[in-house]
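Worksheet for the structure shown next.
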Amino acid sequence: MNAMSEGGAARDPVERLRRGETSAVETMRFYLRRIEARENEVRAFAYLAPEAAIAAAEKADAAQASGGPLHGLPVAVKDIIDTADMPTEFGGEIFAGRRPRRDATIVSRLRSAGAIVVGKAVTSQYALFVPGPTRNPRDLARTPGGSSSGSAAAVAAGFVPVALGTQTNGSIIRPASYCGVVGFKPSLGLLPRTGVLRHAPLVDHPGVFARTVADAAIVIDAIGGEDAEDALSRPLPGSLLAAANAEGPPPKLGFALGPFEDRADPATRAAFAVFIAGLPVKAEEVALGPEFAKAEGTMSDLMCAGVAESLGPDIDRAKDRVPERVLRIVAEGRALSALRLMQAWTRRDALRVDATRLIAPYDAVLTFASSGPAPVASEGTGDPIFATLWSLIGAPAMSLPLMRAANGLPIGVQAVGAPGRDLDLVRATAWLMRVGAR
445 MNAMSEGGAA RDPVERLRRG ETSAVETMRF YLRRIEAREN EVRAFAYLAP EAAIAAAEKA
505 DAAQASGGPL HGLPVAVKDI IDTADMPTEF GGEIFAGRRP RRDATIVSRL RSAGAIVVGK
565 AVTSQYALFV PGPTRNPRDL ARTPGGSSSG SAAAVAAGFV PVALGTQTNG SIIRPASYCG
625 VVGFKPSLGL LPRTGVLRHA PLVDHPGVFA RTVADAAIVI DAIGGEDAED ALSRPLPGSL
685 LAAANAEGPP PKLGFALGPF EDRADPATRA AFAVFIAGLP VKAEEVALGP EFAKAEGTMS
745 DLMCAGVAES LGPDIDRAKD RVPERVLRIV AEGRALSALR LMQAWTRRDA LRVDATRLIA
805 PYDAVLTFAS SGPAPVASEG TGDPIFATLW SLIGAPAMSL PLMRAANGLP IGVQAVGAPG
865 RDLDLVRATA WLMRVGAR
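This is how it looks when you write it as structure tokens:
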């Protein structure tokens, strides 16, 4: 595929830029033309800065010899991730006009690597369940998912090669599934959260949307690693891009249906069974027993308490401008006793131990990324349940655009690795994308 067709892939523009085959300005203008052509209908951006993006591209061209690994790469950033030169409003009216004093750590690292932030991608309000204006580029009548709606839609529409999102429950995996792109949520702590809206520290994960596994990997290589201001951050385990490009034997695969299987629609369950049966290697079934259903209530307790602590004081000052559903989440969080919250932490740790023991023998365990294709927008942003357990335990997870519904809409296959096994997961998912595209 030509690097400048269908939105391109992240590595192609970067490699062409570094080889001098094109310029950062030419690349930026290409993507800005795509935005201009469809943004009025997709509405992926909460804030767009085309003039600043061109100016940054001109600067990148002038300093091409010293460009970083993401030299000239256009990127969209979810509107709960701080940017010093653009508003970060959390998708909420009460934060309109908010201007952070500095970039989030991952944004600062993006820029240091040579990437150019084109704009802020729409999020569901306060990164919760109240949709923003974004529509799914694959079918404008349908939701792109939430809460990283604008980030997924921007990549799917070809507005940018990659975008940053976040996931506490299912906010990367589900939108990637609905929009037909790769969505990668690394292990907890691999991408630091400094400067990112906090929901629940034990389960908040930044991540990346892209068109290929390698495209996501090269960005995470540039922005991941320890951060002194995030106590749960951890070093990168090695080069994810090298893992994506590695040759070798097929990965060891498992598949898991789990206690929430019946929340996937029958056609999606059937398509997944066909997908598993059609793999060139045997995937072994991993039995996730009914005890893992505890993940849903545990996640709810941790999220509600976290949102109440993080957003509650601001919401109290402007309750008349906050959606009722958000007010209920804050109220539920405040109603939790200290004992119940400690029990949720304990359950989370136990689920992490038990789930890791089951999936550790595999390079990747395959499961549903969503309950089906994107629902119509009036039905909301969809059910996050198939990401819940894996987010709760901090496991790396990726949605791969490897299935289609009968109506042609994309459905993702979710691949999960044991916590900390990001290299193995990336190697396995790159292999799956190669064999799945045949």
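For the sequence shown, our numbering assigns the number 445 to the initial residue and increments by one for each residue that follows.
We put the beta carbon where it would ideally sit given N, CA and C, even for glycine.
Predicted, not measured: the structure shown is a model, and the values here were computed from it.
Of the candidates 528, 575 and 779, 528 places its Cα closest to the Cα of residue 563. For the options 541, 653, 769 and 558, the alpha carbon positioned closest to that of residue 459 is the one of 558.
Around the C-beta of residue 472, 16 or more other C-beta atoms lie within 10 Å, and the residue is accordingly described as buried. Excluding five sequence positions before and after residue 539, the CB atoms of its chain that fall closer than 7 angstroms to its own CB belong to 533, given in chain order. In the assembly as shown, residue 726 is an exposed residue. Its beta-carbon has fewer than 16 other beta-carbons within 10 Å. Scanning its chain for C-beta atoms nearer than 6 angstroms, with the 5 sequence neighbours on each side dropped, one finds around residue 765 the residues 537 and 538, in chain order. In this structure, the beta-carbon distance from residue 809 to residue 700 falls below 7 angstroms. Burial state of residue 580 is buried, judged by a 10 Å Cβ sphere holding 16 or more other Cβ atoms. The C-beta separation of residue 561 from residue 606 comes to about 11 angstroms, leaving the pair out of contact by the 8 angstroms criterion. Exclusion of the five residues before and after residue 482 leaves 601 as the residues of its chain whose Cβ lies within less than 6 angstroms of its Cβ. In this structure, residue 687 sits away from residue 603, with a CB-CB distance that is not shorter than 7 angstroms. Between residue 571 and residue 535 a beta carbon distance of about 7 angstroms is seen, short of the 8 angstroms cut, so the two are scored as contacting.
The C-beta of residue 783 has fewer than 16 other C-beta atoms within 10 Å across all chains shown, which makes the residue exposed. Rounded to whole angstroms, the separation of the alpha carbons of residue 756 and residue 575 is 20 angstroms.
In the DSSP assignment, residue 546 falls outside any alpha helix (DSSP H), carrying neither H nor E.
Closest in alpha carbon position to residue 672, among 636, 728, 625 and 642, is 636. CA-CA distance, residue 806 to residue 864, rounds to 13 angstroms. Annotation: residue 593 to residue 872 spans about 26 angstroms, alpha carbon to alpha carbon. Rounded to the nearest angstrom, the gap between the Cα atoms of residue 814 and residue 850 is 15 angstroms.
Using a 10 angstroms sphere on the CB of residue 789, the tally of other CB atoms stays under 16, which defines it as exposed. Contact fails between the region 613-626 and the region 707-727, because fewer than three Cβ pairs, one in each stretch, are under 8 angstroms apart. Rounded to whole angstroms, the separation of the alpha carbons of residue 776 and residue 748 is 6 angstroms. A direct Cα-Cα distance of roughly 44 angstroms separates residue 708 from residue 501.
Sorting 503, 869 and 669 by C-alpha distance to the C-alpha of residue 690 places 869 at the top. Ranked by Cα distance from residue 484, the options 554, 541, 584 and 514 are led by 584.
Taking all protein chains shown into account, residue 503 has fewer than 16 neighbouring C-beta atoms within 10 Å of its C-beta and is therefore exposed.
No Cβ-Cβ contact shorter than 7 angstroms links residue 656 with residue 855. Cβ-Cβ separation between residue 624 and residue 582: approximately 6 angstroms, consistent with a contact (criterion under 8 angstroms). Close CB contacts of residue 684 within its chain, under the 6 angstroms cut and outside five residues either way in sequence, are with 661, 664, 665 and 870 (chain order). In the three-state DSSP reduction, residue 843 falls in the strand class (E or B). No Cβ-Cβ contact shorter than 7 angstroms links residue 818 with residue 778.
DSSP places residue 872 inside the alpha helix (DSSP H), whose first and last residues are 866-880. Beta-carbon to beta-carbon, residue 644 and residue 736 are separated by about 19 angstroms, too far to satisfy the 8 angstroms threshold.
Assignment of residue 848 by DSSP, reduced to helix, strand and coil, places it in the strand class. The straight-line gap separating the alpha-carbon atoms of residue 837 and residue 795 is approximately 7 angstroms. Just so you know, the alpha carbons of residue 641 and residue 670 end up roughly 18 angstroms apart.
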